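In my numbering, the protein residues as written are 115 to 333.
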């Protein structure tokens with residue numbers, strides 16, 4: 115959660131809604147990963163989200179996710195028996211593997227021993243090595259070539275608001291276009307000029323204003 119900084123709290127305050135914010139397993143304050151990730155780890159995380167929503171008895175809600183979290187939100191909404199969200203806001207979602215994604219991950223691997231590890235340790239502590247190498251290893255593995263959730267996205271019927279930076283180092287504009295083409299419900303998209311993979315950090319006010327407007331349009 116700390117990678118988001120104060121963005122979730124600011125968004126919740128801006129729309130006057132409570133927020134449930136959590137660290138997925140292996141991240142932040144959650145327990146460390148104990149097994150290697152499988153090529154279906156995002157699907158597994160969608161099931162975990164379904165369990166969390168059921169456990170907390172949440173019935174009327176929006177989903178907001180970044181990167182893997184955005185893909186997980188879409189996969190959750192595609193589940194047959196899940197409580198449907200009122201809408202989904204995705205930031206830098208991945209629906210399939212593209213060349214930019216893997217090039218960005220290879221660059222991160224190169225940077226890991228040159229300061230990136232220390233920066234990530236501020237957020238993930240002693241879990242950092244396990245988390246980073248599971249992430250990089252999963253996406254760079256040949257077994258991940260088949261990752262493609264466009265078919266699942268065709269089962270998403272709630273409104274989707276999809277955001278991406280024009281300079282996203284981990285995904286091409288084709289990811290946003292796939293959301294527009296595949297999701298059954300209304301889709302609104304936005305590219306943030308000059309933002310990279312984390313518009314909520316690189317263009318905080320613009321991203322916040324757009325997400326606020328999206329949520330308020332449905333309240």
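Backbone N, C-alpha and C define an ideal beta-carbon position, used for all residues, glycine too. These figures come from a predicted structure and were not determined experimentally.
query	result
Residue 262 burial status per 10 Å Cβ neighbour count (16 or more: buried)	exposed
CA-to-CA distance, residue 129 to residue 123, given in whole angstroms	10 Å
Cβ-Cβ distance between residue 163 and residue 121 below 8 Å	no
Residue interval of the beta strand (DSSP E) (run including residue 197)	No beta strand (DSSP E) contains residue 197, which DSSP labels as neither H nor E.
Distance between residue 257 and residue 209 (C-alpha atoms, nearest Å)	16 Å
Under 8 Å between C-beta atoms of residue 156 and residue 136	no
Inter-residue spacing [alpha-carbon to alpha-carbon] between residue 274 and residue 198	12 Å
Cβ contact (3+ pairs, closer than 8 Å) linking the segment 295–306 and the segment 248–256	no
Best match in 154, 226, 171 for proximity to residue 242 [C-alpha to C-alpha]	226
Cβ neighbours of residue 282 in the same chain (closer than 7 Å, five flanking residues each side left out)	206, 310, 311
Whole-Å CB distance - residue 86 paired with residue 288, under 8 Å assumed	Shown here, the chain extends from 115 to 333; a query on residue 86 therefore has no answer.
C-alpha gap between residue 169 and residue 259, whole angstroms	34 Å
Start and end residues, alpha helix (DSSP H) containing residue 302	First-last for residue 302: 301–306, but that is the beta strand (DSSP E), not the alpha helix (DSSP H).
Member of 317, 266, 221 whose CA lies at the smallest distance from the CA of residue 254	221
Run of the beta strand (DSSP E) containing residue 278, from where it starts to where it stops	274–279
Under the three-state DSSP convention, the category residue 140 falls into	coil
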